[in-house]
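Encoded as structure tokens, the structure appears first; notes follow it.
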Amino acid sequence: MDTTTITFALRMPGGGPVTGGKVTAVLSGYDLDDGIVVGGTVEAQIAADGTGSMELWPNVVGTLGTTSYKITVTPSAGTKFDLTGVVVPVSDTPVMLQSLIQGGRVADLTSAILTQAQYNALPVKDPQILYLIVGA
């Protein structure tokens, strides 16, 4: 069964990396992929530099087409947060987690995708916004 590599580079509001913790992906139910029952949980560790990757089944190919992922980011220090309604595409190349978040919702937070320069230029950082920092 094919999977898609999901990569991430997590940063703290101050710009430093999230150091340690885990990212967990849970499929919302079971589906079929070419007659194989698919479902379950995948976990990846967050490296000291805030990066990591995980292999996820691309739920867009499911026969039933009713599943989505709940992605939980649990830093070793700080508050965990959930990304719900995440749909994973079929891809032969790695897909960045933040590109999937646009289709998902962050529980109890709004999200903003910014470059590092845009983030640094903010006069005030809102604690109710999940800032996702992407390359220029």
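Numbered according to UniProt numbering, the sequence shown spans residues 1 to 136.
Cβ coordinates follow ideal geometry from the N, Cα and C atoms, glycine included.
From a predicted model like this one, the values you see are computed outputs, not experimental measurements.
How is residue i classed by DSSP in three states: helix, strand or coil?
i: L32; result: strand
i: I71; result: strand
i: I101; result: helix
i: V95; result: strand
i: V60; result: helix
i: P13; result: coil
i: M1; result: coil
i: A47; result: coil
i: T41; result: strand
i: V86; result: strand
i: G65; result: coil
Could you tell me if residue i is buried or exposed, where buried requires 16 or more neighbouring beta carbons within 10 angstroms of its beta carbon?
i: M54; result: buried
i: V23; result: buried
i: residue 144; result: As displayed, the chain neither begins before 1 nor continues past 136, which places residue 144 out of reach and without an answer.
i: A25; result: buried
i: L122; result: exposed
i: V38; result: buried
Apart from the five residues on each side of it in sequence, which residues of its chain come closer than 7 angstroms, Cβ to Cβ, to residue i?
i: A9; result: G50, T51
i: I36; result: M1
i: K80; result: T72, V73, T74
i: P13; result: K125, Y131
How far does the beta strand (DSSP E) with residue i in it reach, from first residue to last?
i: K22; result: 21-27
i: I6; result: 4-9
i: T79; result: Run containing T79: none; DSSP gives neither H nor E here.
Which residues in the same chain as residue i place their Cβ atom closer than 8 angstroms to its Cβ, once the five residues preceding and following it in sequence are excluded?
i: V3; result: As written in the sequence, residue 3 is Thr, which differs from the Val given in the question. Counting only Cβ-Cβ distances below 8 angstroms, and skipping sequence neighbours, we find E55, L56, W57, P58.
i: N120; result: G15
Ordered along the chain, which non-local residues of its own chain (more than five positions away) have a Cβ less than 6 angstroms from that of residue i?
i: T67; result: L27, S28, G29, D31, N59
Indicate, with yes or no, if the ligand COA has a heavy atom lying under 6 angstroms from the CB of residue i.
i: L122; result: As for the ligand COA, it is missing from this structure, which has no ligand bound.
### alpha helix (DSSP H) segments (min. 4 residues) lying fully within the UniProt domain "Minor tail protein gp31 C-terminal" (113-134)
DSSP assignment within the UniProt domain "Minor tail protein gp31 C-terminal" (113-134) yields the following whole alpha helix (DSSP H) runs of 4 residues or more, N-terminal first: 116-121.
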